[in-house]
Every structure is written in structure tokens, then in C-alpha cells.
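For reference, the structure discussed in these notes is given below.
In my numbering, the protein residues as written are 3 to 154.
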């Protein structure tokens with residue numbers, strides 16, 4: 003039971019990091035749109051966090067696969083495959099010269115990612131809370147506990 007709690011705490015912190023990185027990119031694009039940043043600064047800020055975000059997303063997806071959390075894995079696999087496709091086609095970085103032309107698409111893309119990460123955050127939180135409750139307050143009826151087979 004302790005491993006279940008450690009797993010969900012790790013997923014919780016990875017998900018918070020993904021939310022923060024996505025929100026940072028969206029904030030940089032909004033500052034660019036309002037002329038608080040020049041295109042070079044905005045693209046430098048965004049490009050510096052793209053690769054760590056891709057690595058965290060891939061690690062989280064692989065973690066769900068290796069621990070047999072199929073529902074969570076199937077939820078994260080489309081975004082991970084899209085990130086992999088962008089990386090292999092070398093379209094994962096924002097171009098300084100074309101950032102204004104692609105600004106609306108980039109903002110919509112970041113909003114969709116933020117929505118996916120918020121949905122994942124909600125699901126991870128709802129799995130973390132029972133794991134913590136069952137760890138800190140053990141039940142004398144553990145054989146009747148069905149929560150361990152909810153998302154397997």
C-alpha cells in the first residue's frame with residue numbers, strides 16, 4: 003500500500019510541473035501578444051521549457067504503462083504521441099520570425115494542453131486522496147477493498 007501512495011504523490015508532482023510549464027508558455031505568448039515581450043525573448047522562454055515538458059510527459063506516460071494504470075495511460079498517450087511527432091518532425095520549437103503569424107494557433111494549442119493537464123490533475127488527485135486515506139487510516143476490512151482494481 004505504501005508504494006501506491008508514493009506512486010500517486012510522484013504523479014501529482016509531475017503533473018503540477020506540467021501544469022506550471024504549460025501555463026508559463028501560455029503566459030509568455032500572452033505577454034508577446036500585448037507587446038510586453040519582444041519575439042526573441044518570448045521564443046527563447048518558450049523554447050527553453052519545451053523539451054523538459056516533453057520529457058516529463060513521456061516519463062509520466064511510461065510510468066502509467068509500467069504500473070498497469072491503463073485508463074491513465076490511454077488518457078496520456080495521445081498527447082505524448084503528438085509531442086513525439088512534433089519532435090521527430092523538428093516542429094517542436096517556436097520560430098522567432100514566424101511567431102506572430104502562428105500566435106493564435108500556438109495559444110489554442112497551449113490552452114488544449116492546459117485543459118488536458120487539468121483533467122489529468124483532477125484524476126490524479128482523486129486517486130491520491132484515497133491512497134493516502136487507506137495508508138494512514140488502515141481498514142480492518144482490507145479484503146473488501148476494491149479501490150486497488152479501479153483503473154487496472
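Positions of the beta carbon are idealized from the N, C-alpha and C atoms, including for glycine.
From a predicted model like this one, the values you see are computed outputs, not experimental measurements.
Rounded C-beta distance between residue i and residue j? I'm assuming under 8 Å.
i: residue 23; j: residue 109; result: Incorrect: roughly 15 Å between the Cβ atoms, too far for contact.
i: residue 77; j: residue 13; result: Their Cβ separation, rounded to whole angstroms, is 12 Å, which puts residue 77 and residue 13 out of contact at 8 Å.
i: residue 137; j: residue 4; result: 6 Å
i: residue 21; j: residue 123; result: 6 Å
Sort the options by Cα distance to residue i and report the nearest one.
i: residue 119; options: 137, 74, 44, 135; result: 74
i: residue 99; options: 39, 13, 35, 45; result: 45
i: residue 105; options: 21, 12, 27, 7; result: 27
i: residue 116; options: 59, 86, 87; result: 59
i: residue 101; options: 6, 47, 25; result: 47
i: residue 6; options: 54, 65, 38; result: 65
Below 7 Å CB to CB, which residues in the same chain sit around residue i once its five sequence neighbours on both sides are set aside?
i: residue 69; result: 9
i: residue 49; result: 95, 96
With a threshold of 8 Å on Cβ separation, who are the neighbours of residue i within its own chain once the five nearest residues in sequence on each side are excluded?
i: residue 179; result: Within the shown structure, residues of the chain are numbered from 3 to 154, placing residue 179 beyond reach of any answer.
With a 10 Å radius around its C-beta and 16 neighbouring C-beta atoms as the bar for buried, classify residue i as buried or exposed.
i: residue 103; result: exposed
i: residue 121; result: exposed
i: residue 71; result: buried
At least 3 beta-carbon pairs within less than 8 Å: the stretch 126 to 140 vs the stretch 80 to 99:
Flag = no, the stretch 126 to 140 and the stretch 80 to 99 do not touch.
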